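Heads up: the structure comes next, in structure tokens.
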Amino acid sequence: MKIIIGGAGAVGTHLSKLLSKDHQDCVLIDDDLARLGDLDNKYDIMTLHGSPTSIRTLKDAGAEHADLYVGVSPEESINMNSCIIAHALGTKKTVARIDNFEYLSPSLKPFFEKMGINSLIYPEVLAAIDITNGLKMSWVRQRWDVHGGALVMLGIKLRATCEILNQPLKNLCGPDDPYHIVAIKRDGETLVPGGNDELRVGDLAYFMTTREYIPYIRKIVGKEHYTDVKNVIVMGGGKTAVRVALTIPDYMNLKIIENDEQRCERLNELLNDVDAMVIHGDGRDIGLLQEEGIQTTQAFVALTGNTETNILACLTAKRLGVRKTIAMVENLDYVDMAESLDIGTIINKKTLAASHIYQMMIDGDVSNVRSLMMVDSDVAEFVAAEGSKVTRKSVKDLGLPFGVTIGGLVRNDQGILVNGNTQIQAGDSVMVFCHEHNLKKLAKYFK
């Protein structure tokens, strides 16, 4: 595919890195030479110095024959205008990063399509969804719903209380058992497990199950004693915090601690109709945290723009007795360190945005693509086409690429766990787990 990215910020750079691994024909545009730096030497991409809204620049980048244009600069207007121009020049699909929640209304999709903008991404909204899902289940590191929750994938840190440790998975995850283990993170390495592998203390294990068996999973992993979240403290009052406040369940009590007085005033305006308390102060101040009831708080969410601050704040909250901590970690170099420190749930907006964009590049009926940065893997829903390769043989005989696991499928809105003897049918929505980004290779099985 021919792909043009407008904006060499965090999202654009991360997406360029993914595409270079995929050996895509990629051009990265930015009007700041310093941001472009030596990215064309680090990654297998071409960089172009110029404005993403310049017709000449877009022509030089090949917009007339491009398959996809991605506008991910910090400026919403630049992203939308560059998408419109790229579409007018001949680019097949466009996607723009935005900052206006109103634009995400499904009723406006035809309006933007007519303008030449096929898809919109608001990374803060994607992050807020992950955070809210994490707060709903205090004992889970990550939750991913397939087909409206008919299938559920749960990332769970295993402690000594887990009942299923040190036993071969073939004895635990048989054809009739209500869960499968699709991946394990252990000592910094990702394992796509086989029947002889075992779960160990300290593993981050990814379970595929159906909704009705979530309480059973909670029991066997020894997390029944985890208190459900009722009181939440958020440090940092940026856009993500606003989206969390607007989407958090009504039964949760929310406090937002923000260091900037003017931002506090703005938060009070934005959250006027929401039952959230805005506090002016430093979320790292132990005295302030104690004053605001950290001892009776079940979840602490650090959302400042500084990765180090977020990690340290979560460590402090854990020391003060908070069991559930969530940290925004924008520097990917710190992700493994945050995991080794047992921070809890880690949120990275650029990987969330990149997953959404990556979905548009896959040649097949695919949706709900998510990047699991903790295990360097992707998960996605593929719909099996009539006569496709995946429908011709049972799963064990498909010859799937190494690192690929089919965890389950949805048929007639019913979640079904998959085993080697399962026969996938046309129209099935199939959950696929791929280690080290093999989704594009897998698409041919479903077409």
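All residue numbers for the sequence shown refer to numbering that gives the first Met the number 0, where the first residue is 0 and numbers rise by one.
Note that the Cβ used here is the ideal one computed from N, Cα and C, for glycine as well.
Source: prediction; values computed, not measured.
What's the gap between the Cα of residue i and the Cα of residue j?
| i | j | result |
| --- | --- | --- |
| Leu198 | Glu211 | 23 Å |
| Ala244 | Arg158 | 31 Å |
| Met359 | Tyr68 | 11 Å |
| Leu399 | Gly49 | 43 Å |
| Gly286 | Gly320 | 14 Å |
| Gly236 | Leu302 | 7 Å |
| Leu57 | Val382 | 34 Å |
| Tyr250 | Thr208 | 26 Å |
| Arg242 | Thr131 | 10 Å |
| Ala60 | Leu125 | 29 Å |
| Gly304 | Val394 | 45 Å |
| Arg322 | Lys254 | 17 Å |
| Gly187 | Met114 | 45 Å |
| Ile342 | Ile310 | 7 Å |
| Thr350 | Pro248 | 25 Å |
| Pro167 | Ser376 | 23 Å |
| Asp281 | Val233 | 11 Å |
| Leu18 | Asp98 | 24 Å |
| Leu331 | Ile3 | 23 Å |
| Gly194 | Leu14 | 35 Å |
| Gly6 | Leu103 | 21 Å |
| Met430 | Val191 | 15 Å |
| Leu88 | Ala65 | 9 Å |
According to the neighbour-count rule (16 or more other Cβ atoms, all chains shown, within 10 Å of its Cβ), is residue i buried or exposed?
| i | result |
| --- | --- |
| Ala127 | buried |
| Gln261 | exposed |
| Leu441 | buried |
| His434 | buried |
| Phe299 | buried |
| Glu101 | exposed |
| Thr447 | Since the first residue shown for the chain is 0 and the last is 446, residue 447 is missing from the structure and cannot be characterised. |
| Glu162 | exposed |
| Pro122 | buried |
| Ala337 | buried |
| Ile54 | exposed |
| Pro105 | exposed |
| Thr12 | buried |
| Leu107 | exposed |
| Lys156 | buried |
| Gln424 | exposed |
| Asn40 | exposed |
| Met276 | exposed |
| Gln141 | buried |
List the endpoints of the continuous beta strand (DSSP E) containing residue i.
| i | result |
| --- | --- |
| Met276 | Ala275 to His279 |
| His48 | Met45 to His48 |
| Lys1 | Lys1 to Gly5 |
| Thr324 | Lys323 to Met327 |
| Thr344 | Thr344 to Ile346 |
| Asp24 | Asp24 to Asp29 |
| Thr93 | Lys92 to Arg96 |
| Ala298 | Ala298 to Ala301 |
Going by DSSP, what residues sit across from residue i in a beta bridge?
| i | result |
| --- | --- |
| Gly414 | Val409 |
| Arg318 | Note: Arg318 sits in no beta bridge, so no partner. |
| Leu150 | Val145 and Thr209 |
| Arg185 | Glu188 |
| Glu197 | Pro167 |
| Ala204 | Ile155 and Ile183 |
| Tyr178 | Thr208 |
| Leu351 | Beta-bridge pairing links Leu351 to no other residue. |
| Val403 | Cys433 |
| Ser118 | Val94 |
Give the range of the alpha helix (DSSP H) segment to which residue i is assigned.
| i | result |
| --- | --- |
| Ile128 | Pro122 to Lys135 |
| Gly70 | From DSSP, Gly70 is part of no alpha helix (DSSP H) but of the beta strand (DSSP E) over Leu67 to Gly70. |
| Phe110 | Lys108 to Met114 |
| His13 | Ala9 to Lys20 |
| Val334 | Val334 to Ser339 |
| Met79 | Glu75 to Leu88 |
| Ala60 | Ile54 to Ala60 |
| Arg34 | Leu32 to Leu35 |
| Asp39 | Leu38 to Lys41 |
Taking 6 Å as the cut-off, is the CB of residue i close to at least one heavy atom of the ligand FMN?
| i | result |
| --- | --- |
| Phe111 | Of the ligands one can find in the structure shown there are none, so the ligand FMN has no counterpart to examine. |
**Asked** Which runs of the alpha helix (DSSP H) spanning at least 4 residues fall entirely within the region 216-285, listed in chain order?
**Response** Runs found: 238-246 and 260-269.
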